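Asker: One structure coming up, written as structure tokens, with questions to follow.
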Amino acid sequence: MKKIKSDVIVVGAGGAGLRAALSVKETNKYLNVKVVTKGERLKDSITATSYSDRMAFHATLDTTEPGTEDSWKYHAEDIFKIGGMVSDKILAEVLAKNSKDAFEYLDKLGVPFVKENGKVKQFRTDGSKYARACFTGPDTAVQIARILSKEVDKQKIEVIENVMFQDILLDEENKVKGGWGINTVTNEYFFFETPSIILACGGPGQVYSESLFPGESTGDCHAAALRCGAELVNMEFIQIGLSSKKTKIACSGSFMRALPKITNDLGEDIILKYYKNKYDPKKLISILFSKGWSWPLSYDEESHIIDVAVAKEILYARRIFLDYTSNPEFFSKGSIPEEIINWYKQEINVNLFDQKFYSNPLKRLKSINKEVCALLKTKGLDIDTEKKIEIFPAIQHFQGGIKINERAETNIKGLYACGEAAGGQHGANRPGGNSLLDTQVFGKIAGQNAALYSSQVNISELSDEEMKNLQIENVKFPDETGKKNIIREEIRTLMSENASVIRSEKKLLETFDVVSNISNKEILNSSKNLKDYLETCNIRLLSRVLLKSMCERKESRGPHLLFKNPETLELYPRDDENWAYRYIVVKLENDNISCSIRKCR
């Protein structure tokens with residue numbers, strides 16, 4: 006057993022966790038802060054492994070349109086509007102107000118943001134009234150993670166790798182006293198004596214079998230927060246986007262603006278297959294092109310029909326491809342909207358009716374973004390040779406999380422959350438680039454307030470008896486390295502099938518019952534080691550939370566598409582009268598998931 010004392014423990018070594026640790030030191034250089042990460046730094050965090058065609062960091066700068074002193078207000082309005090009016094307005098304002106400071110901090114550290122003539126280059130992303138997206142290229146998140154990691158080393162902040170954080174200990178006054186976890190390699194127990202814990206370990210992506218999340222993202226922070234009495238919010242809102250199966254790269258932006266044919270493994274044009282009788286060819290071309298900037302699944306964007314078509318085909322065990330060898334079957338010179346023709350002329354200086362571009366989606370893709378083709382190649386997909394990208398609807402970001410206020414505080418004294426682990430700031434959706442911004446703004450705020458709190462309290466002593474009571478004893482796991490945890494895979498498969506793009510109340514309730522009836526003993530018997538057992542327990546808990554939240558919201562909003570009839574694709578409509586300005590807050594009460602509907606602040 007290993008006991009560690011620290012003034013502040015940060016759980017997670019991604020963008021939010023590293024920024025939070027640095028913020029603790031900036032606030033009080035005499036405090037001892039340690040970062041605990043389940044895997045290896047710069048290898049297993051979400052920030053350090055994320056790529057897209059042009060990854061954005063959303064910020065309102067002095068040079069950002071409309072260029073007024075209160076430009077941040079337009080940013081805050083966009084966050085709330087695209088958030089479907091179910092985000093915390095105060096948190097949205099905090100994000101927007103602090104975006105300039107967050108950008109300048111990273112810029113000063115050396116993140117190589119693209120600039121032209123000394124001015125930061127910004128572009129418009131989904132949900133943005135003005136161009137606010139700063140970028141380095143497809144690897145903006147990776148660059149941020151690397152720079153922050155260097156600064157953490159420079160400040161001599163200790164990062165403890167390969168430690169899974171499992172639970173939070175409270176004192177008799179319901180304040181943080183410490184926490185515990187295990188070394189994922191040796192199974193050695195770690196006990197942390199600390200008055201302040203910052204949860205920054207991202208979203209629980211591994212609850213699903215199909216996601217872009219690293220393998221370590223099993224919802225440990227969320228589960229630990231729930232078990233100690235903290236609240237979760239907006240958990241039904243999960244960003245889902247069409248992504249490359251082979252490379253795990255989001256197929257947004259240029260991938261869709263190149264207007265490829267989307268086919269199944271039978272060669273059928275799946276957009277035409279499902280929507281031939283609902284839309285004319287010109288409208289279908291417009292919807293396909295718009296998927297470039299409205300990449301995340303959203304009820305509020307007509308392009309969600311593409312996600313639904315892909316999801317339906319996958320449920321029928323079909324493989325789906327972006328086919329760059331031929332045009333969509335509804336593509337013709339007469340069906341291309343004028344605004345798309347003009348976009349090609351103005352943005353990339355291409356005449357769409359030039360035969361080499363008109364007949365070849367791959368040439369169109371290269372003319373828009375040749376850098377992303379090079380990126381695909383580094384990830385093992387040579388688009389020149391394969392000419393197709395197999396895609397799937399991937400779980401990409403959790404808009405909800407551990408409920409926080411503007412100080413990044415939870416309802417538990419001494420417990421903070423930031424980045425994707427936190428919830429309330431985004432609502433149903435978020436402007437593209439706001440997730441990276443979120444890691445820096447609330448990472449800094451969490452670090453500041455944890456430091457101030459820890460400066461005023463003493464570290465509580467953990468008794469030997471307390472530590473002994475936390476250990477799981479007399480359990481033997483089979484030494485089968487290649488063994489699959491059948492229970493774990495069953496839960497994850499059910500979640501991808503029934504709680505992703507296509508959701509119906511019937512399937513959600515059935516899945517909730519199946520998952521709820523899985524016992525700890527069954528999980529124990531199916532697990533190959535202690536880490537696997539603890540992770541599967543967390544996956545089971547988070548699955549129940551997600552399913553319960555999805556059942557509770559009887560409407561479609563943002564990425565929450567609730568179908569009346571999945572066969573006819575009939576959806577529940579968005580219901581602002583009953584659901585605008587309201588979010589679902591989840592608590593754990595004696596292993597029961599409790600949901601309450603509250604008005605947003």
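For the sequence shown, the positions run 6 to 606 when our numbering is used.
Using N, Cα and C, we set each Cβ at its ideal position, and we do this for glycine too.
If you're wondering where the values come from, they're calculated on a predicted model, not measured in any experiment.
Counting along the chain, where does the alpha helix (DSSP H) carrying residue 226 start and finish?
Answerer: From DSSP, the alpha helix (DSSP H) with residue 226 extends over 225–232.
Asker: For residue 61, write down the residues that DSSP places opposite it in a beta bridge.
Answerer: Paired residues: none, contrary to the question.
Asker: Does the distance from the C-beta atom of residue 555 to that of residue 212 stay below 7 Å?
Answerer: No, Cβ-Cβ distance for residue 555 and residue 212 is not below 7 Å.
Asker: Taking the CB atoms as reference points, tell me whether residue 316 and residue 398 lie closer together than 7 Å.
Answerer: Contact: yes.
Asker: Between residue 563 and residue 505, what straight-line distance do the alpha-carbon atoms span, to the nearest angstrom?
Answerer: One C-alpha to the other measures close to 13 Å.
Asker: Which residues bound the beta strand (DSSP E) around residue 1?
Answerer: As shown, the chain starts at 6 and ends at 606. That puts residue 1 outside it, with no answer to give.
Asker: So residue 353 and residue 325 are supposed to be a Cβ contact under 8 Å. How far apart are they, rounded?
Answerer: Actually they do not touch by this definition, with Cβ atoms about 27 Å apart.
Asker: Going by Cα to Cα distance, which pick from 7, 547, 37 is closest to residue 463?
Answerer: For the residues 7, 547, 37, the minimum Cα distance to residue 463 belongs to 37.
Asker: Within 8 Å, do at least three Cβ pairs link the stretch 360–376 to the stretch 192–207?
Answerer: Cβ pair count under 8 Å is below three, so no.
Asker: So what does residue 418 bridge to, in DSSP terms?
Answerer: Paired residue(s): 180.
Asker: Within the same chain, show all residues whose beta-carbon is closer than 6 Å to that of residue 54, passing over the 5 residues directly before and after it, in chain order.
Answerer: Around residue 54: 219.
Asker: Which term fits residue 18, buried or exposed, when burial requires 16 or more other beta carbons within 10 angstroms of its beta carbon?
Answerer: It is buried - the Cβ of residue 18 has at least 16 other Cβ atoms within 10 Å.
Asker: Span of the alpha helix (DSSP H) holding residue 518?
Answerer: That run of the alpha helix (DSSP H) goes 510–521.
Asker: Judging by CA-CA distance, which residue of 35, 598, 433, 442 is the nearest neighbour of residue 93?
Answerer: Residue 93 has its Cα closest to that of 433, out of 35, 598, 433, 442.
Asker: Compute the distance between the beta-carbons of residue 34 and residue 418, then report whether it is under 7 Å.
Answerer: Cβ distance not < 7 Å, so residue 34 and residue 418 don't count as in contact.
Asker: Measure how close the beta-carbons of residue 381 and residue 252 come, nearest whole angstrom, since I'm counting them as under 8 Å.
Answerer: Right, the Cβ-Cβ distance comes to about 6 Å (below 8 Å), so this counts as a contact.
Asker: For residue 69 versus residue 129, is the C-beta distance shorter than 7 Å?
Answerer: Contact flag unset, no.
Asker: Cβ atoms of residue 227 and residue 513: under 7 Å apart, would you say?
Answerer: No, Cβ-Cβ distance for residue 513 and residue 227 is not below 7 Å.
Asker: Just to confirm my understanding: we take residue 580, look at its own chain, exclude 5 residues before and 5 after, and list those with CB closer than 7 Å. What are they?
Answerer: So the list reads 560, once near-sequence residues are dropped.
Asker: Would you check if there are 3 or more beta carbon pairs closer than 8 Å linking the stretch 56–73 to the stretch 114–127?
Answerer: The stretch 56–73, when compared against the stretch 114–127, does touch it at the 8 Å Cβ threshold.
Asker: Can you give me the start and stop residues for the alpha helix (DSSP H) that residue 366 sits inside?
Answerer: Here the alpha helix (DSSP H) through residue 366 covers 366–383.
Asker: With distances taken from CA atoms, which of 321, 322, 318, 358 is nearest residue 336?
Answerer: Closest by alpha carbon: 358.
Asker: Select from 466, 578, 376 the residue whose C-alpha is nearest the C-alpha of residue 57.
Answerer: When each option's Cα is compared against that of residue 57, the closest is 376.
Asker: Please report how far the alpha carbon of residue 234 lies from the alpha carbon of residue 368, in whole angstroms.
Answerer: Residue 234 and residue 368: Cα-Cα distance of roughly 55 Å.
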